[in-house]
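Numbering (the UniProt record's numbering), first residue to last: 1 to 218.
Even for Gly, the Cβ is constructed at its ideal location relative to N, Cα and C.
Let me begin by presenting the structure, written as structure tokens, before commenting on it.
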């Protein structure tokens, strides 16, 4: 029952690692282990220190805020920012580490959220949520790589970089928005269509920008 939940996100991370032909796969072991370890510690804190009850709110905005701050964009930003600041490697390497770091972190957090949810057997939590996570994070990483590539110390260069970074963050945040639509029983067609569009966008950005980067390197 939980096979796709626990296999989709790691599979996306493994695919990403082996698709980076400019770096050996073992260079991504540290960020992946960092993500797993930090997520394990984080979920233990959530379990034993923070009072969890995903079903206490009837406010759409409150639910989005709760998921964003507990399981979504904010924890990912914190762990990635910490890795970025602590690591002494190049900006290019740290950007490449975003996917194995973020996906390994999200694998633990998503599993924890789903298993502890009252609707843990729903199609959305078992299939849609891990599928969105597996596709959106590589797509967001493609935008971040492009942002690092285009960065210049000029007003135009900074503006382009900020736009791409904000677009990557918006993609990740959209997972939570769609999750809220599902939680509040909005029409199935609405969150299904949005899920399909976001999933396709993640795949498109990953493939398109990757091919574009490879053609430029060639």
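Residue 165 to residue 137 span [Cα, whole Å]: By one-based count along the chain shown, residue 165 stands at place 165. By one-based count along the chain shown, residue 137 stands at place 137. For residue 165 and residue 137, the distance between alpha carbons rounds to 13 Å.
Taking the alpha-carbon positions, what's the residue 39 to residue 113 distance? Here residue 39 is taken as the residue at index 39 of the chain shown, counted from 1. Here residue 113 is taken as the residue at index 113 of the chain shown, counted from 1. The straight-line gap from Cα to Cα measures roughly 12 Å.
For a test of the three-state rule: what should DSSP assign to residue 72, helix, strand or coil? For the purposes of this step, residue 72 is taken as the residue at position 72 of the chain shown. Here residue 72 sits in coil by DSSP.
How many angstroms separate the CA atom of residue 7 from the CA atom of residue 127? As a position in the chain shown, residue 7 is number 7, starting the count at 1. As a position in the chain shown, residue 127 is number 127, starting the count at 1. About 11 Å.
Which class does residue 176 belong to by DSSP, given the choice of helix, strand or coil? Against the chain shown, residue 176 aligns to sequence position 176. Helix, per DSSP.
Classify residue 90 as buried or exposed, calling it buried when 16 or more other Cβ atoms lie within 10 Å of its own Cβ. On the chain shown, position 90 is the one that residue 90 refers to. Answer is exposed; the Cβ neighbour count stays below 16.
Between residue 187 and residue 5, is the Cβ-Cβ spacing less than 8 Å? For this step, residue 187 is matched to residue 187 along the chain shown. For this step, residue 5 is matched to residue 5 along the chain shown. Their beta carbons are not under 8 Å apart, which means residue 187 does not touch residue 5 by this criterion.
Let me check understanding here. Comparing Cα to Cα, which of 199, 60 and 102 lies closest to residue 181? Taking the first residue of the chain shown as position 1, residue 181 is located at position 181. Ranking 199, 60 and 102 by Cα distance to residue 181 puts 60 first.
Inter-residue CB distance, residue 10 and residue 97 (contact presumed, cutoff 8 Å): For this step, residue 10 is matched to residue 10 along the chain shown. For this step, residue 97 is matched to residue 97 along the chain shown. Actually they do not touch by this definition, with Cβ atoms about 16 Å apart.
Would you check if the distance between the CB atom of residue 13 and the CB atom of residue 103 is smaller than 8 Å? Taking the chain shown and counting its residues from 1, the one referred to as residue 13 is at position 13. Taking the chain shown and counting its residues from 1, the one referred to as residue 103 is at position 103. Yes, the Cβ-Cβ distance between residue 13 and residue 103 is below 8 Å.
Reference residue 26, options 76, 93, 45 and 48, closest by Cα: Within the chain shown, the letter at position 26 stands for residue 26. Measuring from the Cα of residue 26, the nearest candidate turns out to be 93.
For the alpha helix (DSSP H) that contains residue 137, what are its first and last residues? On the chain shown, residue 137 is found 137 positions in, with the first residue counted as 1. 129 to 150 is the span of the alpha helix (DSSP H), which, as asked, contains residue 137.
Using DSSP with H/G/I as helix, E/B as strand and the rest coil, what is residue 10? Working through the chain shown from its first residue, we reach residue 10 at position 10. Here residue 10 sits in helix by DSSP.
Classification of residue 118 by the beta-carbon crowding that lies within 10 angstroms, buried from 16 upward: Locating residue 118 in the chain shown gives position 118, counting from the first residue. It counts as exposed.
Restricting to Cα atoms, I'd like to know which of 147, 45 and 198 is closest to residue 134. Taking the chain shown and counting its residues from 1, the one referred to as residue 134 is at position 134. It is 198 whose Cα lies nearest to the Cα of residue 134.
Going straight from the alpha carbon of residue 206 to that of residue 16, what length do you get? Here residue 206 refers to the residue found at position 206 when the chain shown is read from its first residue. Here residue 16 refers to the residue found at position 16 when the chain shown is read from its first residue. So the two alpha carbons sit approximately 9 Å from each other.
Can you find the residues in the same chain that come closer than 6 Å, C-beta to C-beta, to residue 202, ignoring five residues on each side of it along the sequence? Counting from 1 along the chain shown, the entry for residue 202 is found at position 202. The answer, listed in chain order, is 135, 136 and 139.
So is residue 162 buried or exposed if we call it buried at 16+ other beta carbons inside 10 Å? If you number the chain shown from 1, residue 162 lands on position 162. Looking at its Cβ environment, which holds fewer than 16 other Cβ atoms inside 10 Å, residue 162 is exposed.
Looking only at C-alpha atoms, which of 189, 69, 120 and 209 sits nearest to residue 146? For this step, residue 146 is matched to residue 146 along the chain shown. The residue with the shortest Cα to Cα distance from residue 146 is 209.
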